[in-house]
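Student: Heads up: the sequence shown is residues 613 to 782, going by this note's numbering.
Sharing a structure, written as structure tokens. Questions coming.
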Amino acid sequence: KLNFAVFPESQGGPLMHIIAAKAVCFKEAMSAEYKEYQAQVLKNAQAMAKTFMERGINIVSGGTDDHLFLVDLIGKEYTGKDADAALGRANITVNKNSVPNDPRSPFVTSGLRIGSPAITSRGFKEEQAIQLTGWICDVLDGLESGDSAAAEAEVQAKVIALCEQFPVYK
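Below you can see the structure in the form of structure tokens.
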């Protein structure tokens, strides 16, 4: 049974470099530092989802229990594709994503998928996650009003300043 569980179920061949990589990954995942990181990822995602809801933007499922969540833009004048592009211009990376009962095509969408691992890896805590979410909402408000360029420029400057405080490499 053990042999069958390994091959062909979880491993197609004796890829020693993959076996070694998994061993390192599993060892790191058992560390206290990784557990703290994962707990912070969850706290950041939950803080972001809560902030969206406080600003009147719906979250699919009403919140999140993991590292990501879907922002529901059904009923908005703008699409997930529009929001993705506007946020990209403000130096915020998200993904357009379909939501349940989405009336738009998967190439346009009525939603955004947002995750917190990247910001957590930079060192963001809930305070910065809430701040960032407020800026995302500001850009979305700009889209709603039909003039997001000013919001995008203002948020971009704030994002750059915040990221300088939390560099990827030290």
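The beta carbon of each residue, even a glycine, is placed where N, CA and C say it ideally should be.
If you're wondering where the values come from, they're calculated on a predicted model, not measured in any experiment.
Assuming residue 684 contacts residue 670 under a Cβ cut-off of 8 Å, what Cβ separation, rounded to an integer in Å, is found between them?
Tutor: Start at 1 with the first residue of the sequence shown, and residue 684 comes out as number 72. Start at 1 with the first residue of the sequence shown, and residue 670 comes out as number 58. Yes, they are in contact, since the Cβ atoms of residue 684 and residue 670 sit about 4 Å apart, within 8 Å.
Student: Please state the DSSP three-state secondary structure of residue 704.
Tutor: Walking along the sequence shown from the start, residue 704 turns up at place 92. Coil, per DSSP.
Student: Return the chain-ordered list of same chain residues with a C-beta closer than 8 Å to the C-beta of residue 709, the five sequence neighbours on each side being excluded.
Tutor: Here residue 709 corresponds to residue number 97 of the sequence shown, with the count starting at 1. Correct list, in chain order: 682, 692, 721, 723, 724, 725.
Student: Alpha carbon to alpha carbon, how far is residue 652 from residue 734? Give it in angstroms, no decimals.
Tutor: Along the sequence shown, read from residue 1 onward, the residue named residue 734 stands at position 122. Along the sequence shown, read from residue 1 onward, the residue named residue 652 stands at position 40. Using only the alpha carbons, I get a separation of about 12 Å.
Student: If we require 3 or more residues per run, which beta strand (DSSP E) segments fall completely within the region 694 to 765?
Tutor: Fully enclosed beta strand (DSSP E) runs of 3 or longer: 723 to 727.
Student: Do residue 767 and residue 780 have their C-beta atoms within less than 7 Å of each other?
Tutor: Numbered from its first residue, the sequence shown carries residue 767 at position 155. Numbered from its first residue, the sequence shown carries residue 780 at position 168. No, Cβ-Cβ distance for residue 767 and residue 780 is not below 7 Å.
Student: Please list, in chain order, all residues of the same chain as residue 661 whose beta carbon is under 6 Å from its beta carbon, the five residues on each side excluded.
Tutor: Position 49 of the sequence shown, counted from the first residue, corresponds to residue 661. If we look at residue 661 and ignore the five residues flanking it on each side, its Cβ neighbours are 671, 675, 676, 681.
Student: Going by C-alpha distance, which of 633, 659, 782, 703 is nearest residue 743?
Tutor: One-based indexing of the sequence shown puts residue 743 at position 131. Nearest C-alpha to residue 743: 659.
Student: Provide the residue span of the alpha helix (DSSP H) that contains residue 654, from first to last.
Tutor: Counting from one through the sequence shown, the residue named residue 654 turns up at place 42. 644 to 666 is the extent of the alpha helix (DSSP H) around residue 654.
Student: Residue 697: which of 760, 664, 716, 777 sits nearest, CA to CA?
Tutor: Here the question's residue 697 lines up with position 85 in the sequence shown. For the residues 760, 664, 716, 777, the minimum Cα distance to residue 697 belongs to 760.
Student: Is residue 728 buried or exposed, if buried means 16 or more other CB atoms sit within 10 Å of its CB?
Tutor: Against the sequence shown, residue 728 aligns to sequence position 116. It is buried - the Cβ of residue 728 has at least 16 other Cβ atoms within 10 Å.
Student: For a test of the three-state rule: what should DSSP assign to residue 638, helix, strand or coil?
Tutor: Your numbering for residue 638 matches position 26 in the sequence shown. The answer is helix: DSSP assigns residue 638 an H, G or I state.
Student: Determine the contact status of residue 730 and residue 656, defining contact as a CB-CB distance below 7 Å.
Tutor: What you label residue 730 is simply residue 118 of the sequence shown in a count that begins at 1. What you label residue 656 is simply residue 44 of the sequence shown in a count that begins at 1. No, they are not a contact pair.
Student: To the nearest angstrom, report how far apart residue 689 and residue 756 are at their CA atoms.
Tutor: In the sequence shown, counting from the first residue as 1, residue 689 sits at position 77. In the sequence shown, counting from the first residue as 1, residue 756 sits at position 144. C-alpha separation (whole angstroms): 6 Å.
Student: With distance defined between alpha-carbon atoms, name the residue in 770, 754, 626 nearest to residue 763.
Tutor: Sequence index remark: in the sequence shown, residue 763 carries index 151 (1-based). If we check each option's Cα against that of residue 763, 754 comes out closest.
Student: Taking 6 Å as the cut-off, is the CB of residue 734 close to at least one heavy atom of the ligand GDP?
Tutor: Ligands in the displayed structure: none, and consequently the ligand GDP is not present.
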